[in-house]
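Let me begin by presenting the structure, written as structure tokens, before commenting on it.
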Amino acid sequence: MSDMRESLNGIREDFDKAMEMVKDSASAEQLRVSFLGKKGKLTSVLREMGGLSAEERPVIGKAANEVRTHMENKLADIAMKVKEEEKSHKLKREVIDVTIPSDIPGAGSRHPLNMAINEILDIFLGLGYSIAEGPEVELDKYNFELLRIPEGHPARDTQDTFYFNDKVLLRTQTSGMQIRIMEKQKPPLKVICPGKVYRSDALDATHSPVFHQIEGLVVDKGVTMGDLVGSLRLFAKKLFGEKTEIRLRPHHFPFTEPSVEVDLTCWSCGGRGCRVCKNEGWIEVLGAGMVHPEVLSNCGIDPEVYSGFAFGIGVERTAMGRYGIDDIRLLYENDVRFLEQFK
Ligand code: DAH
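Under this note's numbering, the first residue of the sequence shown is numbered 7, with each subsequent residue one higher.
Printed below as a string of structure tokens:
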């Protein structure tokens, strides 16, 4: 029995000594486990109590409990102390210096396509046009039929698209907006319509199945081809600089008569001829013409009284020229390294 008493005292002394080394909650826990844990020193002494007599057992039991209570109290004290210390350390460490400049989240920038669209819209707003937008899921009659492109017309093949059914498709051009506008509003009209259009083209450096156009429409009494040329020349100079000229080439669009394709002085070489314009000195940017009389009457506007011109600008082409972008895919990949250059 005195052996056990001695070992209990020894354990208590060892514990007190070890206690002095405790510096943090991890070492306190280690200490608890090595004395009070399942395989701890006190626990193993208690296991030997089975060998004691009935009189000895309560005496040693009491002494062992005292040692246990002593250790538990000490551990509780140290736990509190350590916790306080750790807290004050943490407070010191995490002190906030409100004078340090903050990390400002990087501000984004406008997409070059939107920049080009805005620049173009600005020019026409300055000429007194208003902006109209229409649906990308369009009716066949607006996209084709009322623009004089009936079923079976070859122009449908060159603008092959995505059909939902016989009557509904993803618009291949913004020209349908001409009809939508003239059905609702009567002349004088001066409207500009930006938007996405779709064609089943494969993606390469110059083609994309989704791209953007800006449609223009002017209808009034006495509107002439001269007005069209003057407006487009002004547009070209505002966008690409005073030296820019336009060149008209005869073309065919079913909804205009006469129809032209319009080239601008090459923005890369100024007209001398280079790789960008394939030595032409000119770059094609838009289609235009005088609104076909039948298109006017399709919308209830008398072609004997009114005339108009229309044009369709390719936005990607224009943006690529304006900002020196040589691959259309860069406009859709949204690589931040590319987009950042337009800040
Ligand atoms: N919609 C035509 C296209 O996508 C472009 C166009 C040509 C629009 C002549 C017009 C126009 O308004 O008058 O190829």
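Idealized CB from N, CA, C, for every residue including glycine. Please read these numbers as outputs of a predicted model, since none were measured by experiment.
Beta-carbon proximity check, residue i vs residue j, cutoff 9 Å
| i | j | result |
| --- | --- | --- |
| Val-229 | Tyr-338 | no |
| Ala-70 | Val-51 | yes |
| Lys-127 | Ile-187 | With the sequence shown as reference, residue 127 is identified as Leu, and Lys is not the correct amino acid for it. It is not a contact, given that the beta carbons lie outside the stated cut-off. |
| Phe-305 | Ile-185 | According to the sequence shown, residue 305 is Cys rather than Phe. Going by C-beta atoms, Cys-305 is nearer than 9 Å to Ile-185. |
| Gly-295 | Phe-259 | yes |
| Gly-293 | Glu-286 | no |
| Tyr-135 | Val-224 | yes |
| Leu-37 | Ile-17 | no |
| Lys-192 | Ile-307 | yes |
| Val-266 | Pro-256 | yes |
| Phe-130 | Gly-236 | no |
| Ile-66 | Met-10 | yes |
Cβ-based neighbour list, residue i, same chain, cut-off 7 Å, excluding 5 preceding and 5 following
| i | result |
| --- | --- |
| Val-283 | It is Cys, not Val, that sits at residue 283 in the sequence shown. Excluding residues within five positions, the ones whose Cβ falls inside 7 Å are Cys-272, Ser-274, Cys-275 and Ile-289. |
| Ala-2 | Because the chain here runs from 7 to 349, residue 2 falls outside it and cannot be looked at. |
| Lys-173 | Leu-145 and Asp-146 |
| Leu-166 | The question names Leu, yet the displayed sequence has Asp at residue 166. Around Asp-166: Arg-205 and Ser-206. |
| Thr-212 | Ile-334 |
| Lys-227 | Val-311 and Tyr-312 |
Own chain, CB closer than 8 Å to residue i, minus 5 neighbours either side, in chain order
| i | result |
| --- | --- |
| Lys-190 | none |
| Ser-115 | Leu-345, Glu-346, Phe-348 and Lys-349 |
| Val-321 | Leu-119, Ala-122, Ile-123, Ile-126, Pro-200, Phe-217, His-218, Gln-219 and Ile-220 |
| Gly-43 | Thr-49 |
| Val-88 | Val-28, Lys-29, Asp-30, Ser-31 and Ala-34 |
Cβ shell of residue i (< 6 Å), same chain only, five flanking positions each side left out
| i | result |
| --- | --- |
| Gly-232 | none |
| Gly-140 | Met-183 and Arg-186 |
| Tyr-169 | Leu-175 |
Rounded distance between the beta-carbons of residue j and residue i, thought under 8 Å
| i | j | result |
| --- | --- | --- |
| Thr-250 | Ala-122 | Between Ala-122 and Thr-250 the Cβ distance is about 15 Å, and since that is not below 8 Å, they are no contact. |
| Leu-270 | Val-291 | 5 Å |
| query | Counting Cβ pairs, one atom from each stretch, are 3 or more of them under 8 Å apart for the segment 150 to 160 and the segment 206 to 224? | reply | Touching, no.
| query | Between the segment 297 to 307 and the segment 142 to 153, are three or more C-beta pairs nearer than 8 Å? | reply | Enough Cβ pairs lie closer than 8 Å, so yes.
| query | Taking one C-beta from the segment 180 to 200 and one from the segment 306 to 325 each time, how about it: are there three or more such pairs within less than 8 Å? | reply | Taking 8 Å as the limit for Cβ pairs, the verdict is that the segment 306 to 325 does touch the segment 180 to 200.
| query | Within the chosen definition, does the segment 53 to 66 reach the segment 85 to 103 through at least 3 CB pairs nearer than 8 Å? | reply | Two segments are said to touch when three or more pairs of C-beta atoms, one from each, lie closer than 8 Å; by this definition the segment 53 to 66 does not touch the segment 85 to 103.
| request: Decide yes or no for the touch test of the segment 318 to 333 against the segment 240 to 252: beta carbon pairs closer than 8 Å, at least 3 of them. | output: Segments in contact, yes.
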